[in-house]
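Okay, so the sequence shown: first residue is 31 according to the working numbering, each after it adds one.
Yeah, the Cβ is synthetic: ideal placement off N, Cα and C, and Gly gets one too.
A short write-up of the structure that comes next.
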Amino acid sequence: MRGENLSAVRVVCNSTEKIAGKEVFIMQKVTEIFGSYVFDDATMKERLPKSTYRELRKTIEFGEPLNNDVADDVALAMKDWAIDLGATHYTHVFIPLTETTAEKHDSFINPIGGGRVMMEFTGKDLLRAEPDASSFPSGGIRATCAARGYTAWDCTSPAYVKTSLDGCSVLCIPTAFTSYTGESLDYKTPLLRSMDALSREAKRVLAYFGKEPAKVTANVGPEQEYFLVDKKKYMKREDLKLTGRTLFGAPAPKGQELDDQYFGTIKEKVSSFMSDLNAELWKYGITAKTQHNEVAPAQHEIAPIFGSTNVATDNNHLLMETLQKVALRDDLACLLYEKPFAGVNGSGKHNNWSFSTSDGENLMDPGPTPETNIQFQLFLAAVLAAVDNNAEILRLSASSAGNDHRLGANEAPPAIISAYLGEQLEAVVDQIIKKGVAESSPAAKMYESGVSTLPSFRMDATDRNRTSPFAFTGNKFEFRMVGSTQSIAMPNMMLNTIVANELALIADRLDAAEDADACIQEIIRELLTKHQRIIFNGNGYSEEWVAEAAKRGLPNIPCMVEAVPYLTSEKTIEVFRRMGVMNQTELEARAEVMLENYAKKIQIEARTMIEMANKQIIPAVMDYEGKLAIEAKNISLIGIEPEAQKELIAQINEVLIELKAATARFKEIVDKSSEYEEDIPAWATYCHDQIFLSMGTVREPADTLELLVAKEAWPFPTYGDLLFEQ
Ligand code: ADP
Ligand code: MG
């Protein structure tokens with residue numbers, strides 16, 4: 031039944047309808063599909079008793095505690111709604127420290143005697159579950175023998191019914207995950223705490239501007255980049271299947287040099303994938319809005335409309351899962367890895383972040399005259415101070431084994447944190463620093479094309495800077511370092527927390543000040559002067575910037591392994607303690623899990639590399655050599671000297687010997703890593719310094735061989751096959 035429904039969605043989304051003699055595109059139908067699998071506000075209103083609905087809204091909007099009777103009512107309505115959509119099971123969905131989502135399905139059935147069952151789901155089932163948590167990494171929070179972990183319903187992120195093509199449906203309930211001892215074992219709990227902290231501290235500051243919003247919400251719009259390759263070819267690549275990236279591969283004759291992929295016409299196959307994807311996402315209430323081809327061949331992007339950092343994080347997890355699911359259904363494979371192919375751009379997740387009041391005011395919006403907008407200046411100063419004071423952990427929040435290939439590698443933002451403000455705001459900042467107040471700022475220019483038929487319009491007040499890791503883009507900051515596979519929970523938790531902390535310091539000063547207005551002016555000038563060093567409007571990819579940043583004393587942390595220790599520095603522990611987001615144990619746990627995860631990923635890559643070299647590449651090249659030798663022998667039998675063959679055999683043989691020796695040496699290095707496993711930081715460092723950095727010694731001869739042997743002889747699809755034959 032579900033299968034039918036799904037294909038119906040697909041058809042609906044690809045059709046037009048005649049209304050009053052006119053072809054009207056699907057819009058109307060999309061509005062019907064949108065959110066149809068989400069237990070959203072409208073559904074709650076429709077299905078819940080009025081008083082229950084009111085109570086639940088109070089919890090969702092203002093964080094008021096939920097009582098058990100309300101939970102029972104909600105559970106009943108949710109179950110009936112889910113069953114109407116074909117659900118037989120429910121699951122608490124959570125984000126353990128592994129970063130991917132976890133779920134354990136329970137059916138609704140409850141035996142009632144006589145061999146019969148009824149479908150049951152109580153408030154208790156909704157509010158909490160106790161999955162066996164022993165196999166999730168806890169970073170030492172919980173001993174392996176102590177398995178208890180609890181998931182608790184996060185009612186601020188709507189439940190939904192997830193369907194699969196074969197008709198299975200399950201009610202998914204977003205939850206937070208904590209240990210028996212009360213420490214969080216996930217990224218959602220600290221994210222929610224950080225949202226509370228930001229709301230609390232921003233409200234304290236806003237009070238000095240005579241404003242009392244019920245709540246301040248941190249928002250994010252994550253732009254998701256990904257690659258699409260042919261499924262059959264993907265299946266033939268062990269490295270893509272096991273590690274997410276190609277560990278071997280000579281560059282294809284064509285790369286991204288023509289810039290013909292970026293915003294290029296979308297191929298039919300990809301466009302039909304995008305249409306299937308949108309239909310699925312819209313069903314789940316995910317506001318998929320923009321889609322386009324990205325810079326590298328076979329690379330694309332999708333961005334939803336922004337939402338609260340919590341809901342957007344859950345949605346982004348569902349989006350990543352749906353991207354992969356729909357791709358397989360369409361005979362494609364979606365690669366989310368940060369750098370699946372060497373030599374062409376990798377994928378990131380631009381994290382567009384801002385915070386706004388429940389009265390609808392975006393606190394990152396400078397308005398038309400930022401020079402007179404004192405409130406904006408104060409919030410801007412707080413953000414810049416937060417970023418400068420905590421650059422190391424912000425960099426850390428975008429660190430992963432995959433992202434190590436991007437950051438600082440001339441295609442993605444550098445590993446140095448700086449902020450781009452643009453001409454207009456920089457002028458305001460300069461004046462404040464020099465004179466204490468700003469009096470003017472360059473106004474947005476009018477666009478005049480000189481062509482009478484083209485419209486004229488007011489342009490944005492600032493240009494964009496695509497090389498900045500933290501770029502102001504009109505009314506939000508775009509944190510561009512985040513990796514494409516990453517959960518955005520961590521970067522947003524970090525942003526919310528460090529900004530909340532600066533706002534708390536500001537509010538403390540204002541609380542103690544005799545003249546709050548004068549104090550505000552003083553704080554703005556002081557913070558902007560102190561943190562101006564983080565502002566950089568130039569080319570972040572240039573060598574000059576690396577030197578300049580060093581002069582300014584900005585940290586430049588080259589890799590994840592070196593970034594992790596900052597998570598447990600005294601400064602970080604104090605910020606997180608003050609803001610009530612994570613205690614020292616929770617921070618230490620995350621640091622440990624990150625390093626352990628890093629080491630394990632590098633080990634999997636290394637083992638895959640050795641296996642592909644020994645079991646696929648070396649035998650294939652030997653076969654080819656043998657074939658050439660037979661040919662050479664046959665040619666000499668007819669009295670001709672097989673010079674070309676002999677030359678090629680010699681060339682191949684030399685590189686083959688090198689590859690064999692390099693693989694053996696590499697294996698020794700990899701085997702030795704078991705000596706370090708007991709000491710996780712040392713293990714991760716070994717994996718980076720010794721294993722990761724010597725992968726090139728195996729890859730280089732293998733890639734040379736790929737270029738020497740015949741296409742048919744190569745044991746798996748090449749870059750050309752993967753990138754240009756979707
Ligand atoms: P770009 O042109 O930078 O690629 P996109 O349209 O791809 O922009 O993505 C921009 C993202 O920023 C979208 O998800 C959008 O909803 C989000 N966004 C817009 N305004 C805000 C805001 N005030 N706060 C957070 N995110 C925002
Ligand atoms: Mg975009």
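Between ligand 1 and alanine 449, a heavy atom-to-CB distance of less than 8 Å is absent. The beta strand (DSSP E) runs lying completely inside the stretch 358-382 and spanning 3 residues or more are 362-365, given in chain order. DSSP places asparagine 627 inside the alpha helix (DSSP H), whose first and last residues are 614-642. If you look at glutamine 321, you'll find it in the beta strand (DSSP E) that goes 318-323. In its chain, beyond the 5 residues on either side, Lys88 have a beta carbon closer than 6 Å to the beta carbon of glutamate 94. Following the DSSP letters along the chain, one finds alanine 333 inside the beta strand (DSSP E) bounded by residues 329-334. For isoleucine 113, the enclosing alpha helix (DSSP H) covers residues 98-114. Per DSSP, the beta bridge partners of threonine 193 are Ser199. Comparing C-alpha distances from tryptophan 111 to each of Ala189, Ala363 and Asp538 shows the shortest one belongs to Ala189. In the DSSP secondary-structure assignment, histidine 135 is bridged to Thr121.
Using a C-beta cut-off of 8 Å, the stretch 220-233 makes no contact with the stretch 361-371, since fewer than three inter-stretch Cβ pairs fall below that distance.
Around the beta carbon of phenylalanine 746, 16 or more other beta carbons lie within 10 angstroms, which makes this residue buried.
Using a cutoff of 8 Å, the CB of proline 396 does not count as near ligand 1, since none of the ligand's heavy atoms is closer than that.
Inclusion of alanine 743 and alanine 650 in the CB contact set at 9 Å is warranted, their separation being smaller than that value.
A direct Cα-to-Cα measurement between glycine 145 and aspartate 136 gives close to 19 Å. For the 9 Å CB-CB criterion, leucine 426 and isoleucine 587 form a contact. In chain order, Lys263 place their CB closer than 7 Å to the CB of aspartate 751, counting only its own chain and leaving out the 5 sequence neighbours on each side. Residue range 146-149 is occupied by the beta strand (DSSP E) that includes arginine 146, with no alpha helix (DSSP H) assigned at that position. Counting C-beta atoms within 10 angstroms of its own C-beta, glycine 376 has 16 or more neighbours from the protein chains shown and is therefore classed as buried. Look at threonine 320: its beta carbon is less than 8 Å from one of the heavy atoms in ligand 1.
The residues Ala474 and Met476, in chain order, have a CB closer than 7 Å to that of arginine 488 in the same chain once the five nearest residues on each side in sequence are set aside.
Contact annotation, valine 605 with asparagine 531: C-beta distance approximately 5 Å; criterion of less than 8 Å satisfied. In this structure, the alpha-carbon of methionine 624 lies about 7 Å from that of valine 594.
The shortest C-alpha to C-alpha distance from proline 400 to any of Leu353, Lys355 and Val458 is the one to Val458. Relative to the non-hydrogen atoms of ligand 1, the Cβ of proline 443 never comes closer than 8 Å to any of them. Going by DSSP, alanine 445 is part of no alpha helix (DSSP H) at all; its letter is neither H nor E. If one requires a minimum length of 4 residues, the alpha helix (DSSP H) runs lying completely within the stretch 263-318 are 268-273 and 298-313, in chain order. In this model, arginine 178 and lysine 109 are separated by some 26 Å (Cα to Cα). Checking the 8 Å criterion, the Cβ of glycine 251 is within range of a heavy atom belonging to ligand 1.
Counting along the chain, glutamine 646 sits inside no alpha helix (DSSP H), nor does DSSP assign it H or E at all. Between asparagine 567 and glutamate 456, the C-beta gap is smaller than 9 Å, which places the two residues in contact.
In the three-state DSSP reduction, valine 459 falls in the helix class (H, G or I).
With respect to alanine 519, isoleucine 125 sits close: the two C-beta atoms are nearer than 9 Å.
By the Cβ neighbour-count rule, glycine 466 is exposed, with fewer than 16 other Cβ atoms within 10 Å of its own. For alanine 132, the number of other beta carbons within 10 angstroms of its own is at least 16, and it is reported as buried. Taking glutamate 310 as reference, the option from Met524, Gly65, Ile668 and Ala326 with the minimal CA-CA separation is Gly65.
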